[in-house]
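Only one structure is covered here, and it is reproduced in the block below.
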Amino acid sequence: MCAIFPQTIGDQGSRWFSGLAEGSIRNSKELIHAFTKQFMGNIQMRKSISFISTLKQRKNEKLKNFLSRFSQEVSEVQDPNDDAVVSVFVNSL
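For the sequence shown, position 27 matches number 27 in full-length UniProt numbering, and the numbering has no gaps at all.
This is the structure in structure tokens:
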């Protein structure tokens, strides 16, 4: 497994892997733990539907602009339910 791993993780991951001290990783569990610890900050967490429920149309904000801002935020929601998105949108006006 360790021989194939560097070929599957891209340049940055390969450099990290190559820089590991010999013998510092004894098994796949340690490799996964070390890799996750190193690169966890690079993962962007998806927003939940409850996040967009906090959005409100700003005073003097044109509906077109708010819809654009709202749509951008919805695109970052994990598995949005259409009915919930519509309900949140209507309540945010």
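Here a beta-carbon is modelled for each residue, glycine too, at the ideal position from N, C-alpha and C. Nothing here was measured: the structure is a model prediction, and the numbers come from that model.
Problem set entry | Residue from V86, R15 and S53 whose Cα sits closest to the Cα of F39 | Nearest C-alpha to F39: R15.
Exercise. Is it buried or exposed for V90, if we count other Cβ within 10 angstroms and need 16 for buried?
Worked result: Taking every protein chain shown into account, the CB of V90 has fewer than 16 other CB atoms within 10 angstroms, so this residue is exposed.
Exercise. How long is the line joining the alpha carbons of L55 and G41, rounded to whole angstroms?
Worked result: Taking C-alpha positions only, L55 is separated from G41 by approximately 26 Å.
Problem set entry | Assigned exposure category for I52 - 16 Cβ within 10 Å defines buried | With 16 or more Cβ atoms within 10 Å of its Cβ, I52 is classed as buried.
For this session: Sort G10, P80 and L93 by Cα distance to R58 and report the nearest one.
Result: When only C-alpha atoms are compared, the closest one is L93.
For this session: Using three-state DSSP, classify K64 as helix, strand or coil.
Result: Helix at K64.
Exercise. Applying the criterion that 16 or more other CB atoms from any shown protein chain within 10 Å of the CB defines a buried residue, is V86 buried or exposed?
Worked result: By the neighbour-count rule (16 or more Cβ atoms within 10 Å), V86 is not buried but exposed.
For this session: Compare the C-alpha of I32 against each of I9, Q72, A84 and V77 and name the closest.
Result: Nearest option by C-alpha distance: I9.
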